[in-house]
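To keep things clear, I will list the structure first and then write my remarks on it.
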Amino acid sequence: MVTVAKLIIALLFTSVFSLAQATVLTDTEGKQIDLSSLRGKWVLINYWASWCQPCLNEIHELNSFYKNNKEKIALFAVNYDELPLREQRRLIKQHGITYPCLAVDPGHSLNFEQPRAVPATFVLNPQGKLVKILYGEQTRDSLNEAIG
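If you want our numbering, it's the 1-based position in the sequence shown plus 896.
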């Protein structure tokens, strides 16, 4: 009976610890982002790849959307290929991405499925619920429409 109790306590501790870890993301510059601090904002997570022309085409639109909506949204880029940080930083600079880029795919910790294609933009409402997945090249207008 003591062994079962220890096992239950260990499992509870692991679950709570995993949940706590899942709420903190790290960007490519090493800055930690606590997802709970984003409550009340729309959160958009954009998966992109350097070999994907539509991904590269939408960067200007995403930069503009982010600049004009910083107060009510959080926008993050995620490199679909999960390249090493050094390579990600080089590509971010090369392609002029001005919004935050996450160091690793948050999908696993947020229980998202891997996108079927790129570009893909996951849209979370201000309560933190995934409400849309947008596939294909996005524009400022399509992103504004997605967040209502």
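Backbone N, C-alpha and C fix where the C-beta goes; we use that ideal spot for every residue, glycine too. Because the structure is a prediction, the values reported are computed rather than measured.
Beta-carbon separation (whole angstroms), residue i vs residue j, contact threshold 8 Å
i: E978; j: V1000; result: 7 Å
i: T994; j: Y962; result: 7 Å
i: A970; j: L934; result: 5 Å
i: P1015; j: Q1034; result: 7 Å
i: S932; j: R1036; result: Not confirmed; about 28 Å, so no contact.
Simplified DSSP state of residue i, which is helix, strand or coil
i: D977; result: coil
i: C948; result: coil
i: Y995; result: coil
i: I1043; result: coil
i: E967; result: coil
i: N942; result: strand
Where residue i falls, given that 16 or more other Cβ within 10 Å makes a residue buried
i: G1032; result: exposed
i: K937; result: buried
i: G1044; result: exposed
i: Q1023; result: exposed
i: Q928; result: exposed
i: N975; result: buried
Would you check if there are 3 or more beta carbon pairs closer than 8 Å linking the stretch 982 to 992 to the stretch 1002 to 1018? Because the criterion of three Cβ pairs below 8 Å is not met, the stretch 982 to 992 and the stretch 1002 to 1018 do not touch.
Measuring CB atoms only, is the stretch 919 to 928 touching the stretch 987 to 999, in the sense that at least three cross pairs come out at less than 8 Å? Contact between the stretch 919 to 928 and the stretch 987 to 999 is established, with three or more Cβ pairs separated by less than 8 Å.
Counting pairs of beta carbons, one from the stretch 1018 to 1028 and one from the stretch 949 to 961, are three or more of them closer than 8 Å? Fewer than three beta-carbon pairs drawn from the stretch 1018 to 1028 and the stretch 949 to 961 are found closer than 8 Å, and the two stretches are therefore not classed as touching.
Within the stretch 998 to 1036, note down every full beta strand (DSSP E) run reaching 3 residues or more, in order along the chain. Whole beta strand (DSSP E) segments, 3+ residues: 1016 to 1020 and 1026 to 1031.
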